[in-house]
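A quick write-up on the structure given underneath.
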Amino acid sequence: MRRVADRRLVRARKPLSARKLRKSEKKAAKPAARTRPNLSTRRASFVVRRPVLVLVVAVAGLGALALPATKLEPGPPGEGTMGASGGPPRFR
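Position 91 of the sequence shown, counting from 1, maps to 83 under my numbering, and the rest follow consecutively.
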């Protein structure tokens, strides 16, 4: 019985064909392929490396977007918002 089991092991390890041998040698010779990080990974690493810079840029950007809102005058229409003819103002 032991011989039969040994033969099965020998049969399972067939020699590689020349093509498969070249392919396996080529694969083993290559260094571990380092894949290029994608855009999200690069952005995240930038934010982690320079958090203060990112915070300053974000606050400045939000401030620039909010700047026009300082000129708004919310509230019900009054005499100051009426047009010259007494009705709503007309824009051309």
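Don't be surprised by glycine CBs; every beta carbon is placed ideally from N, CA and C.
- For the pair V46 and E17, the Cα-to-Cα distance works out to about 47 Å.
- In the three-state DSSP reduction, R35 falls in the helix class (H, G or I).
- R28 carries a coil assignment under DSSP once its states are collapsed to helix, strand and coil.
- The residues V46, in chain order, have a CB closer than 8 Å to that of F38 in the same chain once the five nearest residues on each side in sequence are set aside.
- L13 has its alpha-carbon roughly 11 Å from the corresponding atom of A20.
- Between the alpha carbons of V44 and S32 lies a gap of roughly 19 Å.
- When DSSP states are grouped into helix, strand and coil, P68 belongs to the coil group.
- Within the same chain, and ignoring the five residues on either side of R28 in sequence, no residue has its Cβ closer than 8 Å to its Cβ.
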